[in-house]
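Numbering (numbering that gives the first Met the number 0), first residue to last: 0 to 129.
By construction, the Cβ of each residue, glycine as well, lies at the ideal position given by its N, Cα and C atoms.
Take a look at the structure below.
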Amino acid sequence: MLFRSAPGTFEGGVKRESRKKITCYLYDAQNEFLKEAYRQTLTLGFKDVQSTVGDVLNFRAAFPETLKFDFISCTNAFHEIAPKAVPGILFEAVYRLAHQGVFCAYDMEYLPQGHNELGAVAWKHRRSQR
Numbered sequence: 000m001l002f003r004s005a006p007g008t009f010e011g012g013v014k015r016e017s018r019k020k021i022t023c024y025l026y027d028a029q030n031e032f033l034k035e036a037y038r039q040t041l042t043l044g045f046k047d048v049q050s051t052v053g054d055v056l057n058f059r060a061a062f063p064e065t066l067k068f069d070f071i072s073c074t075n076a077f078h079e080i081a082p083k084a085v086p087g088i089l090f091e092a093v094y095r096l097a098h099q100g101v102f103c104a105y106d107m108e109y110l111p112q113g114h115n116e117l118g119a120v121a122w123k124h125r126r127s128q129r
C-alpha cells in the first residue's frame, strides 16, 4: 500500500476527514488479492484509490520516478522474494519516500502448527537476536 497525501495529513493519525486528502496506490502481483484490497480500501473514504498488478521486481517501473510516497507498506511479501532481490527492493522503497515518509515492512512472524508454506521462514524475536 502506498500513500501520497497533502502536507500534514498524517499528523495525529489518519482520521476519516484526513483520508479525503490521501491517494492510495495498491500494488500486488496477484490480481485476486489486489481486487479484495481495492474493494476494502474503497470503503475507507480515501480521495482516490488506484490499483496496479505487477511483480515487486518491477515496482520501479510501475510508478513515475518523480512520484514520492508518504507511506509505503510491504506486508507478507518478503518470504516470496529471492534473497538477492531484497536489498534492491528495500532501496527502491526508501528512495520513493517523500522527505518525511515512512516505510513499513511486515512479514510472517510465525506459521500455525501444520500450516507450512514453501519458502516461508518464520522468525520469532529471540531467533532474530542471534
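Boundaries of the beta strand (DSSP E) harbouring T51: D47 to V52, taken from the DSSP string. For G44, the secondary structure class from DSSP, reduced to helix, strand or coil, is coil. If you check the CB distance, Y37 and V48 come in under 8 Å. Note on geometry: alpha-carbon atoms of N57 and T22 lie some 21 Å from one another. DSSP places V101 inside the beta strand (DSSP E), whose first and last residues are L96 to Y105. Between I71 and I80, the beta carbon gap of about 15 Å keeps them out of contact (Cβ cut-off 8 Å). DSSP places L89 within a helical segment (H, G or I) once states are collapsed to three. Nearest C-alpha to K19 among D27, L41, V101 and N30: L41.
S72 is bridged by DSSP to C103. If you look at F62, you'll find it isn't in any alpha helix (DSSP H); DSSP assigns it neither H nor E. The beta carbon of D54 is closer than 8 Å to those of A28 in its chain, skipping five residues each way along the sequence.
If the five residues before and after A84 are omitted, its C-beta is found closer than 7 Å to the C-beta atoms of L56, all from its own chain and listed in chain order.
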